[in-house]
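Residue numbers (the numbering used here), protein chains in the order written: chain A, 255 to 544; chain B, 255 to 544. Think of the CB as a built atom: it goes at the ideal place given N, C-alpha and C, for glycine as much as any other residue.
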């Protein structure tokens with residue numbers, strides 16, 4: 255199966271798991287909003303979990319639960335990030351955001367419940383038969399998502415908006431290591447954790463991939479098309495924010511992204527050709543148009 | 255030790271655990287806001303965890319981690335509940351709320367990170383040496399806090415504000431079973447879970463106590479003093495909301511609370527006099543002035 259086909263395959267399996275998890279919750283607006291937030295998207299993090307797991311002989315039927323968990327957590331972060339008091343975005347994946355389609359209270363609560371759902375999915379027996387593995391998944395995700403990880407990055411991002419000087423390259427790297435890097439690294443490592451083996455190679459892979467991802471995001475904000483991207487573009491320049499592009503130049507940013515893709519692929523040398531779809535993923539991430 | 259002394263004893267231990275958990279997070283505004291949100295309060299839920307644990311010979315040094323977790327989760331729920339798009343409260347425990355003292359984005363993020371912290375505390379080795387117990391704590395808390403539990407109650411509460419008719423008694427009971435009942439029941443059961451014994455008696459105790467708690471809250475909103483309560487009072491009547499008081503009358507509500515206290519105490523018969531402080535807690539909850 256090609257990388258593109260496998261990405262779609264994982265996305266379908268993750269969606270089915272999320273649908274099943276939310277089916278018993280009924281029809282309240284907050285639950286409809288949770289479903290809305292979990293619709294669409296590339297499911298890149300879910301793919302990383304499932305493909306990293308497959309590399310260690312962990313079946314999709316096992317890894318899909320952790321993949322669904324990270325996608326629920328990612329969806330929560332987007333819902334809260336889009337709020338008027340945060341990035342104030344009306345459009346996400348080409349569709350109205352939750353506070354636009356419903357209201358702000360529903361967006362806050364739907365995001366809250368999606369974070370909870372992520373930990374619920376990891377703690378469920380179906381995630382892994384060994385409770386020690388499940389609690390390791392919970393503990394590592396909590397570290398990646400909280401005030402040491404993702405939330406720290408988001409807080410630094412907000413602080414940057416009112417900072418007296420634009421951020422330096424080192425400051426942006428720290429910010430992004432939290433904001434997007436922590437969850438991507440967790441996703442990359444998850445397959446090794448489910449297989450109870452050393453996550454170091456997948457961790458190095460996902461770390462470089464995450465950094466390439468963010469540079470590509472900055473490039474997309476400059477070169478991208480809102481219709482294809484499914485979200486507002488040009489907003490960083492508009493806000494006068496320092497980005498990898500403003501600091502490295504467009505060509506410099508593209509070169510840096512290409513180096514990181516190389517680094518990411520090289521981290522998988524030990525897996526040989528079996529890791530080719532993960533390498534394709536790194537190439538895809540750096541060149542994506544949405 | 256009397257109930258009052260034990261309540262303060264547990265509060266101090268919980269505070270120390272929360273302080274230690276947040277110490278490595280540094281000085282960012284979002285972290286200061288998390289600390290602010292975790293300051294003060296009766297720590298009723300933490301007391302229930304620790305006293306229920308002590309009843310099963312689980313030491314405070316062990317139960318304090320789960321107690322801190324539930325208080326972090328409770329703090330998150332208050333921070334988000336106080337947001338302008340939710341209850342829009344400026345005052346909590348007699349002090350400005352986070353979106354007033356900092357801003358809305360900081361309140362959203364601090365709440366998000368406090369929820370994550372709760373799961374981090376439960377997943378840490380210190381919570382219990384057996385991973386199976388830790389994952390049980392995580393799984394049950396996720397069920398209590400998410401769209402089946404607390405968030406469901408909050409969503410029903412918001413829906414009630416725009417409903418065509420005031421809620422019936424049965425509807426209010428369903429709402430409150432989620433909004434405040436689920437976390438209080440989890441807290442009550444936690445000691446038995448840590449001791450790996452049947453949580454049914456503590457569950458019945460905490461269920462009745464939680465219902466008495468909410469009726470007392472409605473009574474407080476009518477009879478209470480803002481200075482003592484440390485928060486705005488009279489807001490339910492102002493909003494024309496159906497409450498236990500509007501549906502049962504003030505005397506009827508007080509009678510119902512007293513019945514629930516009896517029920518709550520009776521659930522602990524099997525523990526004899528060793529459970530007297532938990533019984534005192536039920537009496538306290540129904541008669542509290544803040």
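Contact list for residue i against chain B, beta-carbon separation under 7 angstroms
{"i": "residue 380 of chain A", "result": "Ordered by position in chain B, no residue passes the 7 angstroms Cβ test against residue 380 of chain A, which lies about 11 angstroms from the chain."}
{"i": "residue 285 of chain A", "result": "401"}
{"i": "residue 377 of chain A", "result": "389, 392, 393, 396"}
Candidates the options: closest to residue i by CA position
{"i": "residue 433 of chain A", "options": "A/400, A/537, A/423, A/261", "result": "A/400"}
{"i": "residue 378 of chain B", "options": "A/384, A/524, A/388, A/383", "result": "A/388"}
{"i": "residue 471 of chain B", "options": "B/454, B/405, B/489, B/455", "result": "B/489"}
{"i": "residue 270 of chain A", "options": "A/287, A/283, A/292, A/280", "result": "A/292"}
{"i": "residue 339 of chain A", "options": "A/323, A/348, A/357", "result": "A/357"}
{"i": "residue 495 of chain A", "options": "A/410, A/431, A/517", "result": "A/410"}
{"i": "residue 218 of chain A", "options": "A/301, A/314, A/453", "result": "Given a span of 255 to 544 for chain A in the structure shown, any question on residue 218 of chain A remains unanswerable."}
{"i": "residue 331 of chain B", "options": "B/448, B/404, B/312, B/277", "result": "B/404"}
{"i": "residue 506 of chain B", "options": "B/466, B/294, B/287, B/536", "result": "B/466"}
{"i": "residue 348 of chain B", "options": "B/374, B/337, B/479", "result": "B/479"}
{"i": "residue 445 of chain A", "options": "A/314, A/420, A/464, A/373", "result": "A/314"}
{"i": "residue 545 of chain A", "options": "A/342, A/354, A/402", "result": "This structure cannot speak to residue 545 of chain A, because chain A is shown only from 255 to 544."}
{"i": "residue 263 of chain A", "options": "A/277, A/360, A/280, A/297", "result": "A/297"}
Interface residues of chain A facing residue i [CB-CB closer than 8 angstroms]
{"i": "residue 370 of chain B", "result": "369, 396, 399, 400, 401, 405"}
{"i": "residue 288 of chain B", "result": "401"}
Identified DSSP bridge partners for residue i
{"i": "residue 346 of chain A", "result": "A/349"}
Under 9 angstroms from the C-beta of residue i: neighbouring residues of chain B
{"i": "residue 337 of chain A", "result": "339, 358, 359, 362"}
{"i": "residue 452 of chain A", "result": "By Cβ distance, chain B contributes nothing, its closest Cβ being about 20 angstroms from residue 452 of chain A, past 9 angstroms."}
{"i": "residue 279 of chain A", "result": "400, 401, 402, 406"}
Cβ-Cβ separation, residue j to residue i (assumed contact under 8 angstroms), whole Å
{"i": "residue 257 of chain B", "j": "residue 531 of chain B", "result": "5 angstroms"}
{"i": "residue 424 of chain B", "j": "residue 462 of chain B", "result": "About 17 angstroms separates the two Cβ atoms, so there is no contact after all."}
{"i": "residue 363 of chain A", "j": "residue 275 of chain A", "result": "Not really, about 17 angstroms apart at Cβ, beyond 8 angstroms."}
{"i": "residue 408 of chain B", "j": "residue 335 of chain B", "result": "7 angstroms"}
{"i": "residue 321 of chain B", "j": "residue 333 of chain B", "result": "Not quite, the Cβ-Cβ distance comes to about 19 angstroms (not below 8 angstroms), so this is no contact."}
{"i": "residue 317 of chain A", "j": "residue 307 of chain A", "result": "3 angstroms"}
{"i": "residue 451 of chain B", "j": "residue 310 of chain B", "result": "6 angstroms"}
{"i": "residue 375 of chain A", "j": "residue 323 of chain A", "result": "4 angstroms"}
{"i": "residue 436 of chain A", "j": "residue 398 of chain A", "result": "4 angstroms"}
Interface partners of residue i on chain A, CB under 7 angstroms
{"i": "residue 373 of chain B", "result": "373, 392, 396"}
{"i": "residue 468 of chain B", "result": "Under the 7 angstroms cutoff, chain A gives no residues; its nearest Cβ is about 19 angstroms from residue 468 of chain B."}
{"i": "residue 388 of chain B", "result": "389"}
{"i": "residue 385 of chain B", "result": "385, 386, 389"}
{"i": "residue 334 of chain B", "result": "362, 366"}
Residue i - DSSP class collapsed to helix/strand/coil
{"i": "residue 408 of chain B", "result": "helix"}
{"i": "residue 401 of chain A", "result": "coil"}
{"i": "residue 542 of chain A", "result": "coil"}
{"i": "residue 488 of chain B", "result": "coil"}
{"i": "residue 331 of chain A", "result": "helix"}
{"i": "residue 391 of chain B", "result": "helix"}
{"i": "residue 297 of chain B", "result": "coil"}
{"i": "residue 440 of chain B", "result": "helix"}
{"i": "residue 385 of chain B", "result": "helix"}
{"i": "residue 319 of chain B", "result": "helix"}
{"i": "residue 313 of chain B", "result": "coil"}
{"i": "residue 547 of chain A", "result": "Lying outside 255 to 544, the shown extent of chain A, residue 547 of chain A is not represented and no answer is given."}
{"i": "residue 374 of chain A", "result": "helix"}
{"i": "residue 360 of chain B", "result": "helix"}
{"i": "residue 367 of chain B", "result": "helix"}
{"i": "residue 292 of chain B", "result": "coil"}
{"i": "residue 508 of chain B", "result": "helix"}
{"i": "residue 460 of chain A", "result": "helix"}
{"i": "residue 304 of chain B", "result": "helix"}
{"i": "residue 518 of chain B", "result": "helix"}
{"i": "residue 479 of chain B", "result": "coil"}
{"i": "residue 423 of chain A", "result": "helix"}
{"i": "residue 229 of chain B", "result": "Residue 229 of chain B lies beyond the range of chain B shown here (255 to 544); nothing can be said about it."}
{"i": "residue 495 of chain B", "result": "coil"}
{"i": "residue 264 of chain B", "result": "helix"}
{"i": "residue 587 of chain B", "result": "It is not possible to answer for residue 587 of chain B, since the shown part of chain B is limited to 255 through 544."}
{"i": "residue 339 of chain B", "result": "coil"}
{"i": "residue 287 of chain B", "result": "helix"}
{"i": "residue 380 of chain A", "result": "helix"}
Proximal chain A residues relative to residue i, where beta-carbon distance stays under 9 angstroms
{"i": "residue 455 of chain B", "result": "Simply none; closest approach about 25 angstroms."}
{"i": "residue 282 of chain B", "result": "401, 406, 409, 410, 413"}
Neighbouring residues, chain B, relative to residue i (Cβ below 8 angstroms)
{"i": "residue 414 of chain A", "result": "Under the 8 angstroms cutoff, chain B gives no residues; its nearest Cβ is about 12 angstroms from residue 414 of chain A."}
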